[in-house]
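Novice: In full-length UniProt numbering, the protein residues as written are 1 to 822. Got a structure here, written out as C-alpha cells. Questions coming.
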C-alpha cells in the first residue's frame with residue numbers, strides 16, 4: 001500500500017519530467033532546423049546581381065566585400081565613345097528596353113539589354129553553382145550583337161571590373177605580355193568571409209573579331225589583346241568605377257595625343273583604352289575591344305568548391321537554369337484565363353524576373369534628424385511653417401552602418417529601399433519564393449530603432465545618396481509610412497494556418513526541404529518559430545504607430561465609439577503628405593492639427609487585424625484580446641469619424657473656422673481605403689456606394705484601370721498630377737483583390753463585384769502588357785485617358801504586381817452578373 005501511495009505521488013513528477021524532456025527535444029529539433037535553414041538560405045542567397053543600380057553589378061550579401069560590374073560603349077566615333085559608356089542604369093539613356101527575361105535568385109537567369117544609343121543588343125547569362133563552404137561559385141556569359149541599324153563590324157569596347165572594399169587581397173595572377181593578354185585573364189583573391197577565390201575573364205570563342213587599326217599606335221597597343229589595369233583606390237570611392245576608369249583612360253588619351261598630335265590621332269577604338277598595368281590592388285579593370293558580334297565568360301570560383309565552373313560547364317548550366325525556371329514558373333505562378341497564351345507567359349516571366357532581379361543588398365550609413373524638435377508634433381495651427389523652420393535648423397547625424405536586403409521600385413530612378421513599396425513587392429514574391437520574402441521582411445525589421453521606428457526610405461551609403469536630391473536624404477523618426485509589410489505577414493499566416501491541418505507537411509526529423517523556397521511552410525514549426533522570433537519587433541513597431549500618428553478626438557467634441565482610435569499622418573505640408581505615400585492627393589486646406597486621415601486609420605485597422613492574428617497564432621492570448629478590442633474600435637470609428645452621408649463616401653476630417661469637425665471629401669483612392677484594407681465586409685451597408693464609385697466612368701473607372709482621383713473633382717489632373725488622376729498598380733491590385741473576395745462570398749453585392757472584378761482585371765493586365773510591348777518598359781503609373789505609361793520607366797517594383805493579378809482566377813461567365821442585373 002505504501003509503495004502504491006509513493007507511486008501516485010511520483011507519477012505526476014515522472015509525467016512532467018517526460019513532458020519536459022519531450023518539449024526540450026522538440027525545441028532542440030526546431031533549433032537545429034532553424035540553424036540548417038538559415039545556413040542553407042545564406043548559401044543559396046549569398047551571391048547575386050545585388051547592385052541593381054548597375055546594368056550588371058554582382059556582389060555578395062556581405063558588407064565591404066568583393067563586387068564586380070560591367071561597362072561598355074561603341075567606339076566608332078569620338079563623341080559616342082566619350083558619352084555612351086554604360087554603367088549605372090539611367091532614365092532615358094537610349095534604351096529600347098532592358099531587364100531580366102528569366103531570373104531565379106537561387107539559380108540565375110538571363111538579362112537582355114537593347115541599347116539603341118550604342119546600336120547593340122547585349123545578353124548576359126548569370127548562373128550560380130552551389131558547392132563548398134563559402135556560398136558557392138557563379139559565372140556570367142556576355143554576348144553582344146550589333147543591332148540592325150549598325151554596321152556588322154561595329155567596334156565595341158567592353159570593360160569588366162572587380163573591386164574589394166574590405167580586408168583581404170585581390171590581384172592578377174596571369175602573366176601578361178607588355179602589350180596585353182592574348183588569352184584568358186585570371187584574378188585571385190582572399191577574404192575571411194569568402195575564403196580563397198578566383199575570377200577568370202576568358203578570351204571567348206575564336207569567332208570574336210577585333211578592329212584592325214591602320215595607325216602607328218596599333219603597334220603600341222594591338223586591339224586583339226585584353227588590357228588590364230590594377231589600382232589601389234580609397235575604399236569609400238570604389239563605387240565610382242566609371243569615374244575611376246575615365247581618369248585612367250584620360251591619362252592614356254593625353255599620352256597618345258602628345259605622341260601623335262591632335263591632327264593625327266588614332267581611331268576611337270585605339271584612343272579610348274586603358275593602360276595595360278596588371279598587378280595587385282583593390283580595383284582591376286579588364287578591357288576588350290571587339291569588332292562585330294562578341295562573346296566571353298566571367299567565371300568566379302570559390303576555392304572551397306570541388307567543382308570549378310568552366311566555359312563548358314557554364315553552357316550546360318545556362319540551359320539547365322532556363323529549363324528549371326520555366327518548369328517552376330508554369331507550376332507555381334502561371335497566368336490564368338484569359339491570359340494563358342505564350343506572349344502573356346513571356347510577359348509575366350519578365351515582370352516577375354525583373355522584380356526579383358531588382359533585389360539589392362545595401363550597406364552604409366544614413367542621415368537622420370534626431371533633434372526631436374517639439375514642432376514635429378504638429379500640434380499648432382500653422383504647424384507646417386514651424387516644422388519647416390525646425391528642419392532648417394536641425395543638424396542631422398550619420399547613423400550606422402546598416403544593412404538592407406530589399407527589392408527596389410526602379411533600377412534607374414529609385415535604386416534603394418522604400419518601406420511602403422516593399423509590402424507590395426513581396427506579394428508576388430511570397431508566392432514564388434516564400435523563404436525569400438521572409439528573409440527580406442526580417443531584414444527590414446532589423447532596421448528598427450529602440451522606439452519601433454523604421455525609416456520610410458532607406459538611403460544607405462554614398463552610392464545610394466548619389467541618386468537622391470539632398471533635400472530628400474534626411475529621415476525623421478516621427479515620420480511613418482503605410483505598414484504594408486503586415487499584408488505580407490497575413491499572407492504568410494494564411495499559408496501556415498492552411499498547413500497546420502495538412503498531413504502532407506514535413507516533420508522536423510526530415511531536415512530542410514530540397515525546395516528551400518518553402519521551408520517555412522513545409523515545416524510549420526519552423527514557420528511558427530520565425531513568427532515568434534519577430535513578434536516582439538512587430539509589437540514594438542505597432543505601438544510606435546499608435547503613439548506617433550495618433551489623432552485628436554477629445555479636443556474637438558467629436559462623437560465616436562472610441563475616444564482613442566483616430567490617426568493623422570505627421571510630415572504634412574500644404575501640398576503634400578509624402579509620408580502617406582499618396583504625396584499630392586488633395587487633403588483639407590489649410591492643414592490643421594485636428595485633421596484625421598481615413599487612409600491612415602484604415603491602414604491601422606489592417607495592421608491591428610494582422611497583429612491580432614499573429615498574437616493568436618503564437619498563443620499570446622492577452623495581446624490578442626487587446627488587439628481585438630482595438631480592431632473593433634477602429635472599425636466603428638471609421639464609420640463614426642469618416643463616413644459622409646451626403647457625399648456617400650469616406651472622407652478625411654478637419655476643423656473649420658468655427659472649431660467644428662467637418663469632412664473634406666475628394667473622391668478617389670482615399671475614399672476606398674476601408675474597402676482596400678479589407679475592413680468593409682460583404683454585408684456592409686457602405687459597400688454598394690463604394691462599388692458604385694469605383695465602377696462609375698465619370699468618377700474612377702477607366703478602360704485602363706481605376707483612377708486615383710475622380711474626374712469630377714476640382715483638382716483632377718491639376719498641379720503635379722502625381723496622385724490626381726493617374727492609374728497606379730498597387731491600389732488597383734487592392735481593388736481587384738477585394739472585389740474578388742466580395743465576388744466569391746455570398747452577399748447582396750456578389751454579382752456586381754464579379755462583373756467589376758473580371759473587367760478591371762482584364763483592363764489592367766492588357767494595358768500594362770500593351771505598354772510593355774510598345775515601349776519595352778513597365779511604368780510607374782498609367783494615363784487614365786490613353787493608358788500610356790508615365791513618369792519613371794523600368795518601374796518593375798510594384799507594377800510587377802500585374803503578375804499576381806494574372807494568377808488570380810477568372811470567374812466563369814455563367815457566374816457573372818449581367819449589366820442588366822447590376
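Quick reminder that beta carbons are idealized off the backbone N, C-alpha and C, glycines included. Quantities reported herein were computed from a predicted structural model and do not represent experimental measurements.
Pull up the distance between the alpha-carbon of residue 385 and that of residue 115, whole angstroms please.
Specialist: 47 Å
Novice: Report the residue from 451, 684, 561 and 602 whose alpha carbon sits nearest the alpha carbon of residue 637.
Specialist: The option with the nearest alpha carbon to residue 637 is 561.
Novice: According to DSSP, simplified to helix, strand and coil, what is residue 447?
Specialist: In the structure shown, residue 447 adopts coil according to DSSP, grouped into three states.
Novice: Below 6 Å CB to CB, which residues in the same chain sit around residue 356 once its five sequence neighbours on both sides are set aside?
Specialist: Closer than 6 Å at the Cβ level, and outside the excluded window around residue 356, lie 103 and 105.
Novice: Going by beta-carbon coordinates alone, are residue 360 and residue 50 separated by less than 7 Å?
Specialist: Taking 7 Å as the Cβ cut-off, residue 360 and residue 50 qualify as a contacting pair.
Novice: Report buried or exposed for residue 185, applying the criterion of at least 16 other Cβ atoms within 10 angstroms of its Cβ.
Specialist: buried
Novice: Among the candidates 469, 202 and 111, whose CA atom is the shortest distance from the CA of residue 318?
Specialist: 111
Novice: Got a sec? Which residues, its chain only, sit under 8 Å from residue 715 by beta carbon, not counting five neighbours each side?
Specialist: Residues of the same chain with a CB within less than 8 Å of the CB of residue 715, apart from the 5 flanking positions on each side, are 586, 666, 709 and 724 in chain order.
Novice: Rounded to whole angstroms, how far is the Cβ of residue 131 from the Cβ of residue 305, which I believe are closer than 8 Å?
Specialist: Residue 131 to residue 305, Cβ: 4 Å. Contact.
Novice: Sort out for me which residues DSSP pairs residue 567 with in a bridge.
Specialist: DSSP output for residue 567 lists 550 as bridge partner(s).
Novice: Apart from the five residues on each side of it in sequence, which residues of its chain come closer than 7 Å, Cβ to Cβ, to residue 351?
Specialist: So the qualifying residues of the chain are 778, 796, 800, 802 and 803.
Novice: Just to confirm my understanding: we take residue 531, look at its own chain, exclude 5 residues before and 5 after, and list those with CB closer than 7 Å. What are they?
Specialist: 614, 617 and 618
Novice: Use the C-beta contact count for residue 264: other C-beta atoms within 10 angstroms, 16 or more gives buried, fewer gives exposed.
Specialist: Counting the other Cβ atoms within 10 Å of the Cβ of residue 264 gives fewer than 16, which makes it exposed.
Novice: Kindly indicate which three-state DSSP category residue 712 falls into: helix, strand or coil?
Specialist: coil
Novice: One question on the structure: do residue 226 and residue 281 come within less than 7 Å of each other, judged by their Cβ atoms?
Specialist: no
Novice: How about residue 452 and residue 569: do their beta carbons lie closer than 7 Å?
Specialist: No Cβ-Cβ contact shorter than 7 Å links residue 452 with residue 569.
Novice: Could you give the DSSP three-state label for residue 155: helix, strand or coil?
Specialist: Looking at residue 155 - three-state DSSP - the assignment turns out to be strand.
Novice: Assuming contact is defined by CB atoms lying nearer than 7 Å, are residue 677 and residue 606 in contact in what I supplied?
Specialist: yes
Novice: Whole angstroms is fine: what's the gap from residue 362's alpha carbon to residue 652's?
Specialist: 37 Å
Novice: Looking at the secondary structure, which residues open and close the alpha helix (DSSP H) in which residue 488 lies?
Specialist: 485-500
Novice: Which residues mark the beginning and the end of the alpha helix (DSSP H) in which residue 241 is found?
Specialist: 241-260
Novice: Using the beta-carbon count (16 or more within 10 Å), is residue 167 buried or exposed?
Specialist: Result: exposed.
Novice: Alpha carbon to alpha carbon, how far is residue 383 from residue 879? Give it in angstroms, no decimals.
Specialist: This structure cannot settle anything about residue 879, because the visible part of the chain is limited to 1 through 822.
Novice: Can residue 406 and residue 417 be called in contact, C-beta distance under 7 Å?
Specialist: yes
Novice: For the alpha helix (DSSP H) that contains residue 65, what are its first and last residues?
Specialist: Where residue 65 is concerned, there is no enclosing alpha helix (DSSP H), because DSSP gives it neither an H nor an E.
Novice: Check the Cβ-Cβ distances between residue 458 and every residue of chain B, and say whether any is below 7 Å.
Specialist: The structure shown has no chain B; it contains just one protein chain.
Novice: With a threshold of 7 Å on Cβ separation, who are the neighbours of residue 604 within its own chain once the five nearest residues in sequence on each side are excluded?
Specialist: 545, 567 and 634
Novice: Provide the residue(s) that pair with residue 95 in DSSP beta bridges, ordered along the chain.
Specialist: 115
Novice: Can you give the Cα-Cα distance for residue 163 and residue 170, rounded to whole angstroms?
Specialist: 8 Å
Novice: Considering residue 903, what are the terminal residues of the beta strand (DSSP E) in which it resides?
Specialist: Outside the displayed range of the chain (1 to 822) lies residue 903, so it cannot be described from this structure.
Novice: Helix or strand or just coil, what does DSSP make of residue 534?
Specialist: Reduced to three states, the DSSP call for residue 534 is helix.
Novice: Which of the three DSSP states is assigned to residue 573 in this structure?
Specialist: coil
Novice: By DSSP's criteria, residue 189 is part of a beta bridge. Which residues make up the other side?
Specialist: Paired residues: 170 and 197.
Novice: Buried or exposed: which applies to residue 659, given that a residue is buried once 16 or more other Cβ atoms fall within 10 Å of its Cβ?
Specialist: Using a 10 angstroms sphere on the CB of residue 659, the tally of other CB atoms stays under 16, which defines it as exposed.
Novice: Report the option in 394, 109, 410 and 454 whose CA atom is closest to the CA atom of residue 403.
Specialist: With distances taken between Cα atoms, residue 403 lies closest to 454.
Novice: Using DSSP bridges, identify the partner residues of residue 378.
Specialist: Its beta-bridge partners do not exist; DSSP assigns none.
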